[in-house]
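To start, the structure itself, in structure tokens.
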Amino acid sequence: MSIINMSHAEITTFFLVGIPGLEYAHIWISIPICSMYLAAFLGNCTILSIIKTEPSLHELMYYFLSMLALSDLGLSSSSLPTVLRIFLFNAPEIFANACFAQEFFIHGFTALESSVLLIMSFDHFLAIHNPLRYSSILTAVKVVQIGIVLCFKSFLLVLPFPFTLRKLKYCNKSQLSHSYCLHQDVMKLACSDNRIDVIYGFFGALCVMVDFMLIVVSYILILKTVLGIASQKKQLKALNTCVSHTCAVIIFYLPIINLVIVHRFARHVSPLFNVLMANVL
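The working numbering numbers the first residue of the sequence shown as 27 and each following residue consecutively.
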């Protein structure tokens, strides 16, 4: 569990948490949690399968949707192992290196999904604002290039996380506040100087928030373009194309914004709230 290092015990194992106060009901709580994960997995796999097999869906909009489904699959798969271990087997322990690896993939896929949502908002704006040049500006080759760039950008952004966390010393606390490892959660347990992690963690969160702000700007421009269309029927048609993407943006960013606020600014928040928001994410 721990190793003795001269004057203090250095933590090499962290403890994740299920739902505080309801440990006796974890096995029952695991049923809806597993159902949600299964629904997300099957839903994303179905989307990918349909887009791949249906020639009429081989269009740019659906390529971006495929990227979103893949990033969501990666995000779900990154957090699922520890969640299942806690709720099904009452095994909250996780080795430090495994924890650092998990938070790398969770934050990497989160950044990737955020970037994909941003590109999709630009895609909607371009299709509505300049439909005649849409297909010439965004080609299939450019979409592939965008996908590769987004992957590299997202995972390079969070690449320092596990290395900076590994350099820290953990000697007093080992209890995390979620069912899986997050950078901002782990660095709080350090008994050594974690200023680099705080600064870079803030920078990473800021990058995701910049994506969100650019999405808001793109929708303001979309709304401005739609209001300039004379036909009400065409206005509704243009807005309808954005409804599903808007819902995806709200569902994705709302828990993230809440978690950022809780970890950065709130000092006395119920552990139950932390866990519930993390599991929604």
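The beta-carbon is built from N, C-alpha and C at its ideal position, and this holds for glycine as well. Quantities reported herein were computed from a predicted structural model and do not represent experimental measurements.
So for Ile37, helix, strand or coil by DSSP?
strand
Is the separation between the beta-carbon of Gly309 and that of Ser180 shorter than 8 Å? Nothing can be reported for residue 309, as the shown portion of the chain is limited to 27 through 307.
Pair every Cβ in the stretch 168-184 with every Cβ in the stretch 78-97, then say whether three or more of these pairs are closer than 8 Å. yes
Measure the beta-carbon distance from Cys125 to Val212 and round it to whole angstroms, keeping in mind my assumption that it falls under 8 Å. 6 Å
In the structure shown, what three-state DSSP assignment does Ile120 receive? In the structure shown, Ile120 adopts extended strand secondary structure according to DSSP, grouped into three states.
My assumption, with CB atoms under 8 Å, is that Phe130 sits in contact with Ser244. Please give the rounded CB distance.
Wrong, their Cβ atoms sit about 29 Å apart, outside the cutoff.
**Message:** Which residue marks the beginning of the alpha helix (DSSP H) containing Leu2, and which one marks its end?
**Reply:** Since the first residue shown for the chain is 27 and the last is 307, residue 2 is missing from the structure and cannot be characterised.
* Who are the near neighbours of Leu143 in its chain, counting only those whose CB is closer than 6 Å to its CB and skipping five residues on each side? -> Val275
* Asked: Ordered along the chain, which non-local residues of its own chain (more than five positions away) have a Cβ less than 8 Å from that of His84?
  -> Ile77
Quiz item: Quick one: Cα of Ser56 to Cα of Cys207, how far?
Solution: 19 Å
### Message
I'd like to check one pair, Ile73 with Ala51: are the Cβ atoms closer than 8 Å?
### Response
no
If I follow the unbroken alpha helix (DSSP H) through Val43, where does it start and stop?
That residue, Val43, is in no alpha helix (DSSP H); it is neither H nor E in DSSP.
What does the alpha-carbon distance come out to for the pair Leu110 and Thr267?
Their Cα atoms are separated by approximately 37 Å.
Need the endpoints of the alpha helix (DSSP H) that Pro58 sits in, please. His52 to Thr79
- request: Output the boundary residues of the alpha helix (DSSP H) element that contains Ser180.
  value: Per DSSP, the unbroken alpha helix (DSSP H) holding Ser180 starts and ends at Ala166 to Val184.
Do the CB positions of Tyr160 and Ser102 come within less than 8 Å of each other? no
**Item:** Rounded C-alpha distance that separates Val169 from Ile145
**Value:** Looking at the two C-alpha atoms, the distance is approximately 10 Å.
At the level of alpha carbons, what is the spacing between Arg221 and Tyr279? 26 Å
Check your understanding: How long is the line joining the alpha carbons of Ser257 and Ala153, rounded to whole angstroms?
Key -> 17 Å
Subject >> Endpoints, the alpha helix (DSSP H) within which His209 is located >> reply: His209 to Val212
Could you pull out every unbroken alpha helix (DSSP H) segment of at least 4 residues lying fully inside the stretch 127-160, listed in chain order? Taking 4 residues as the shortest admissible run, the stretch 127-160 contains no complete alpha helix (DSSP H) segment at all.
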